[in-house]
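J.: Counting from 1, one number per residue, gives the positions in the sequence shown under the UniProt record's numbering.
Cβ atoms here follow ideal geometry from the backbone N, Cα and C, with glycine treated the same way.
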Amino acid sequence: MIGILLGLIQGLTEFLPVSSSGHLVLAQELLGAPRPGIALEIVLHAATLLAVLWTLRLEVAAVAGEAWGALAGLPRRGPAALREARGVWLLILATIPAALAGLLLRGGIEAAFESPRAAAGCLVVTGLLLLATRRLRLRPRELGGRPALAMGLAQALALLPGISRSGWTVGAGLILGVAPAKAVRFSFLMSVPAVLGSLILTLPDVARDAGGHGSLFLAAAFLAAFLSGVAAIRWMLRIVARGRLHYFGFYCLAAGIAGWVLLG
């Protein structure tokens with residue numbers, strides 16, 4: 001039962017703008033559940049990665065096609081072929097900040113997960129950002145290098161528990177005038193290299209901290225995270241298209257304040 005619950009929390013909150021890490025930290029503290037082992041973390045991340053690849057398979061295929069076309073054109077056209085892979089370069093640019101933060105600040109980030117009240121405080125900050133998007137009235141602009149880098153910096157900040165990755169990356173895109181549909185889809189595409197990197201970093205630690213979970217527990221958590229992740233991605237696409245992202249700001253404020261009070 002705990003495996004299914006943690007899987008549902010991960011799948012829903014990974015893609016909705018409410019911070020999966022913050023909710024997992026608060027839920028484990030309030031439920032008295034032990035911190036998940038590395039094996040469970042890998043299973044949950046793999047499930048949400050698969051949810052993105054499945055739901056946005058057309059976008060993923062388009063980026064993969066760009067990359068393949070650029071590489072195939074190198075022998076004939078040289079570096080000029082690489083310049084045409086615009087979507088690939090934007091993803092690389094957006095991934096660099098989180099990659100550097102994850103490698104250089106890993107110890108500090110892990111320490112932040114030991115403080116439920118810090119996660120609650122970060123949820124409040126996320127709520128304020130989401131509420132701020134309600135007043136945005138900007139002329140839509142193309143998704144270029146500057147918005148991609150800003151969304152990448154937001155993704156790096158979201159390594160902290162309570163800072164929503166989807167909320168901050170989409171919010172950064174909207175603030176810079178990126179069309180809502182483009183901002184949310186690019187945000188989800190950005191999660192693919194980020195989650196892959198997280199999986200690579202945690203794989204060596206499985207033998208040290210498997211968490212003692214059985215295969216049935218892990219399978220239930222994986223299935224719950226995948227199915228809820230697919231549902232959350234589709235819901236998020238509709239929410240942003242209708243201009244209702246700020247609704248989640250009220251929820252994050254309430255959850256953050258409640259967590260702060262209950263864990264005080």
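Taking just the CA atoms, how far does Arg76 sit from Glu41?
T.: 44 Å
J.: Taking the CB atoms as reference points, tell me whether Ile4 and Ala221 lie closer together than 8 Å.
T.: yes
J.: Does the Cβ-Cβ distance between Ala120 and Trp260 come in under 8 Å?
T.: yes
J.: So which of Ala47, Ile233, Ala150 and Leu262 has the shortest CA-CA distance to Gly177?
T.: The option with the nearest alpha carbon to Gly177 is Ala150.
J.: Would you check if there are 3 or more beta carbon pairs closer than 8 Å linking the segment 151 to 158 to the segment 88 to 100?
T.: A contact is defined here as three or more CB-CB pairs under 8 Å, and the segment 151 to 158 meets this definition with respect to the segment 88 to 100.
J.: Where does Glu142 land, buried or exposed, given buried means 16+ other C-beta within 10 angstroms?
T.: It is exposed - the Cβ of Glu142 has fewer than 16 other Cβ atoms within 10 Å.
J.: Evaluate contact between the segment 116 to 134 and the segment 240 to 256, counting only Cβ atoms and requiring at least three cross-stretch pairs below 8 Å.
T.: yes
J.: Alpha carbon to alpha carbon, how far is Leu245 from Val43?
T.: 28 Å
J.: Per DSSP, what kind of secondary structure is Val88 in: helix, strand or coil?
T.: helix
J.: DSSP puts Val178 in a beta bridge; with which residues?
T.: Arg141
J.: For a quick check, are the C-beta atoms of Pro161 and Val18 less than 8 Å apart?
T.: no
J.: Buried or exposed: where does Ala232 fall if 16 or more other Cβ atoms within 10 Å of its Cβ makes it buried?
T.: buried
J.: Between the Cα of Gly214 and the Cα atoms of Ala39, Ala72, Ala194 and Pro147, which residue gives the shortest distance?
T.: Ala39
J.: Among the candidates Arg238, Ala181 and Glu14, whose CA atom is the shortest distance from the CA of Leu159?
T.: Glu14
J.: For the alpha helix (DSSP H) containing Met236, name the first residue and the last one.
T.: Its alpha helix (DSSP H) spans residues Ser215 to Ala241.
J.: What first and last residue would you give for the alpha helix (DSSP H) that runs through Gly162?
T.: No alpha helix (DSSP H) contains Gly162, which DSSP labels as neither H nor E.
J.: Is it true that the CB of Cys122 sits closer than 8 Å to the CB of Gly22?
T.: Yes. Within cutoff.
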